[in-house]
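Here the structure comes first, spelled out in structure tokens, and everything after it is commentary.
There are 2 protein chains.
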Amino acid sequence: MARVVVEVMPKAEILDPQGQAIVGALPRLGFAGVADVRQGKRFELEVDDSVDDAELEKIAEALLANTVIEDWKVVRVS
Amino acid sequence: MARVVVEVMPKAEILDPQGQAIVGALPRLGFAGVADVRQGKRFELEVDDSVDDAELEKIAEALLANTVIEDWKVVRVS
Chain A
29 MARVVVEVMP KAEILDPQGQ AIVGALPRLG FAGVADVRQG KRFELEVDDS
79 VDDAELEKIA EALLANTVIE DWKVVRVS
Chain B
29 MARVVVEVMP KAEILDPQGQ AIVGALPRLG FAGVADVRQG KRFELEVDDS
79 VDDAELEKIA EALLANTVIE DWKVVRVS
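Structure follows, in structure tokens:
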């Protein structure tokens, strides 16, 4: 078994209303100095050792990321 | 300016219906060998150099994670 993390973030040119809401809320909660926040998703997968990197890319592309508006990155952690 | 990533994941003892839905969908889409999926959130923050680690922990705890059901981790990436 291998552990894999897939990080999915909105593309740079895509507006991120959730992140902007957080940037707006921070000063009201007394936190200064945060210039920008972007919110994305993080998936932790437990996969068989038989699953190779090409297969993982296909899984991320087909099911975990919306490729029109999101970038993704597959990282093996163990 | 420093770049900080906050990773937020459901606690191990918390059910994760989104992750389970993905585990169920994978075989139907022709992907075998994925035993478990957990879905969480990932935040990328741009912060002033004046914001220290204690402040970042407070921000994560107050605004980014639901501390009842989620674990979080603050990682400085640059």
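Residue numbers (our numbering), protein chains in the order written: chain A, 29 to 106; chain B, 29 to 106. No residue lacks a Cβ here, since even glycine has one placed at the ideal position from N, Cα and C. As the structure is a computational prediction, the values presented were derived from the model and not from experiment.
Residue environment for Arg-66(B): buried (at least 16 other C-beta atoms within 10 angstroms of its C-beta). With fewer than 16 other Cβ atoms inside 10 Å of its own Cβ, Arg-31(A) counts as exposed. Ile-97(A) sits exposed, since fewer than 16 C-beta atoms from the chains shown fall within 10 Å of its C-beta. Taking Asp-44(A) as the centre and dropping the five residues before and after it, the same chain places the C-beta of Pro-38, Arg-66 and Gln-67 closer than 7 Å to its C-beta, in chain order. Look at the region 71-98 of chain B: the residues with a C-beta under 8 Å from a C-beta of chain A are Phe-71, Glu-72, Leu-73, Glu-74, Val-75, Asp-76, Ser-78, Val-79, Glu-83, Lys-86, Ile-87, Ala-90, Leu-91 and Leu-92. Taking 7 Å as the threshold, the shortest C-beta distance from Ala-63(A) to chain B falls below it. Taking the Cβ atoms as the reference, Lys-69(A) lies roughly 4 Å from Val-36(A), within the contact range of under 8 Å.
Contact between Val-33(B) and Ala-88(B) is ruled out by a C-beta separation of about 10 Å, above the 8 Å threshold. Between Glu-74(B) and Ala-40(A), the gap from beta carbon to beta carbon reaches 7 Å or more. Under the three-state reduction of DSSP output, Val-34(B) falls in the strand class. Taking all protein chains shown into account, Val-105(B) has fewer than 16 neighbouring C-beta atoms within 10 Å of its C-beta and is therefore exposed.
Between the beta-carbon of Leu-91(A) and that of Trp-100(A) there is about 11 Å, and that puts the pair past the 8 Å contact cut. Interface annotation, Leu-57(B): in contact with chain A, CB-CB separation under 7 Å. Here Met-29(A) has Glu-74 as same chain residues with Cβ atoms under 6 Å from its own Cβ, once five neighbours each way along the sequence are excluded.
Taken through DSSP and simplified to helix, strand or coil, Glu-72(B) comes out as strand.
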